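Protein chains in written order, with my numbering: chain V, 720 to 835; chain L, 992 to 1242; chain A, 47 to 187. Even for Gly, the Cβ is constructed at its ideal location relative to N, Cα and C. Note that the coordinates shown come from a computational prediction; the quantities given were computed from them, not determined experimentally.
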Amino acid sequence: MKRSHEPVFWSLFGAGGILAALCGVALVFVTGLGAPLGWIVSPRLMEFDTLRAFAGQGFGKLVIFAVIVLFLWHATLRILLLLHDFGLGGGRLTRWIGNGLALLATIFTAYLLLLL
Amino acid sequence: MPDTARSIELEILRYLPESGHEPWYQVYEVPFEDDWSVLQGLQFIKDDLDSTLSFRWSCRMAICGSCGLMIDGVPRLGCRTFLRNYYPRRVRITALQHFPIERDLVIVADDFIDKLKRAKPWLIPKQARALADGEYLQSPAELAHYRQFSTCINCLLCYAACPQYGLDAEFAGPGILALLHRYNADSRDGGREQRMDLGHSDAGFWGCTAVAYCSEVCPKEVDPANAINQNKMGSAIDYLLRFVRPRGSGE
Amino acid sequence: MSARIEPGRTDPRRPWRRSMRGWWHRNPYYLRYLAMEATSILIALYALILLLGLWRLTEGEAAWAAWLAMLKSPVSLALHAILLPVFAFHSYSWFRIMPKTLPAIEWRGKRLKQTTITALGIAAAVAVNLALLLLLAGVQP
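In structure tokens, the structure reads:
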């Protein structure tokens, strides 16, 4: 019987899931409400210079990469699952496209971070 | 003397293959007693109202696993479900979901039986033993490691609950995979390697999407969702290390 | 009742197969499962918003300012206000399912209950989110 390759995607799904579960609410608040409106956190947190400095060094790149990429891989598995569950294409082609898009986004994110 | 006999309506999905008709719902009025199970209601129908009604049953005490039904859309054992919990509403009864209907409330369980063998649900000794070696010794802790998963009565309620089993023709399903885990977790067993051929595939653990309704409906609290999903981490690690690890080194 | 057998067939069995169409609204349990899975769509959306921001960051101050202005728009604020309970529900449903992925854990001679593991997980989620928020609140660039 053919071995499933799902472990790769499931591991990424799990990592993204835990990250979202432990940090998601805070991140959404800070980036989407706090910093833009100046609530609780300083609006200067998301100033151009602040973020360029943060993304310019190793730790900052790692954090940004982890959040974007792991959240996307987490979502990819579940979205593909939803498509399968609703009978909207759970086949191999759909999975290739879905995972392919996630991989492109991963590469793109890494590329952008290497520019900074 | 005023007639105080109470009754309840059972709306049952009938199917008679030789009749050429599609399945249809038929309503029967059965006496309502406080202590009657749905199974007793069905037996009243067959004995007194309509002998053409077919359904499986045996022990009537939730140990044989024969009387699985969809009762108001929920997989339940007929002998363990009581009319008093539905009275005075009409109760809708159909055959277990996700299986073809053979006739009335009887399902075709061939798919389950065929797939069951693949889990190799029997003890495979680590080494050949002679009778003179005596019996296996097992501590209470070793027993506790698999006991919960050994209480499965093959009632197939978990299969009726599992949408992936309904959607995916290849998936082995909760009950079989729980049994697979049960034998892997038994200290007397040495057959893990052979079973993981199924386990590591999409028909095995990776076909499960953690809906976990199977564990909700299980009358024996086997918790098949737990049996399956606790293996995913190990299967994933084994996947990553499979070219590095020598075969048979155990998971 | 005699079995009516079609010409060419010797087997009177004719199993009836039921469709899986609309399976998901047959039971409230399935709807909860779908709600949990559907949070991923909004999690993806949030990640894409961040990715867009990262892209604008590499393009210079003007592009970044435009992205920030978008973040301050009523649409974006409303969206993020919706994302908050969505991510909270994700945390909750994540730790509800997590005990199923773990083998039995023993604590002081007894098996740790699945509801206890869930409660501990949710407590951790609250603690870490709060800690992160306070950490960022203390940052004054």
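Shown here, Gly-1064/L sits in coil according to DSSP, grouped into three states, outside any helix or strand. Judged by beta-carbon spacing, Gly-743/V lies within the 8 Å limit of His-136/A, meaning their Cβ atoms are closer than that value.
Ile-1092/L is positioned such that its CB atom lies no closer than 8 Å to that of Trp-153/A.
Contact annotation: the stretch 85-100 of chain A touches the stretch 776-790 of chain V, with at least three C-beta pairs closer than 8 Å.
Under the three-state reduction of DSSP output, Arg-1186/L falls in the helix class. Per DSSP, the unbroken alpha helix (DSSP H) holding Thr-828/V starts and ends at 811-834. Here DSSP, grouped into helix, strand and coil, assigns Phe-1035/L to helix. Shown here, Ile-798/V sits in a helix according to DSSP, grouped into three states.
Cβ atoms of Ser-1028/L and Cys-1070/L come within 8 Å of each other, at about 5 Å. A Cβ-Cβ contact shorter than 8 Å links Leu-1068/L with Cys-1146/L. In the structure shown, Ile-999/L adopts extended strand secondary structure according to DSSP, grouped into three states.
Note on the stretch 730-800 of chain V: whole alpha helix (DSSP H) runs with a minimum of 4 residues are 767-775, in chain order. Annotation: the continuous beta strand (DSSP E) that includes Gln-1017/L extends over 1015-1022.
Chain-order list of chain A residues neighbouring Met-1224/L: Thr-147, by C-beta distance under 8 Å. When 9 Å is used as the limit between beta carbons, Phe-767/V is near these residues of chain A: Leu-103, Gly-106, Glu-107, Trp-110, Ala-111 and Leu-114, in chain order. Per DSSP, the continuous beta strand (DSSP E) segment holding Arg-1094/L begins and ends at 1092-1094. Just measuring C-alpha positions, the residue of Ala-1100/L, Arg-1094/L, Ala-1218/L and Pro-1116/L sitting nearest Thr-1142/L is Ala-1218/L.
The C-alpha of Pro-74/A is placed about 21 Å away from the C-alpha of Phe-1090/L.
The continuous stretches of alpha helix (DSSP H) do not include Thr-1043/L, and DSSP gives it neither H nor E. The beta carbons of Arg-64/A and Gly-1064/L sit no closer together than 8 Å. For Val-1082/L, there is no enclosing alpha helix (DSSP H); the residue is found in the beta strand (DSSP E) stretching over 1082-1085. Three or more beta-carbon pairs drawn from the stretch 1091-1111 of chain L and the stretch 1157-1169 of chain L are found closer than 8 Å, and the two stretches are therefore classed as touching. Straight through space, the alpha carbons of Arg-59/A and Pro-1008/L are spaced by roughly 7 Å. Using a Cβ-Cβ cut-off of 8 Å, Trp-729/V is close to Trp-1197, Lys-1223 and Ala-1227 of chain L, given in chain order.
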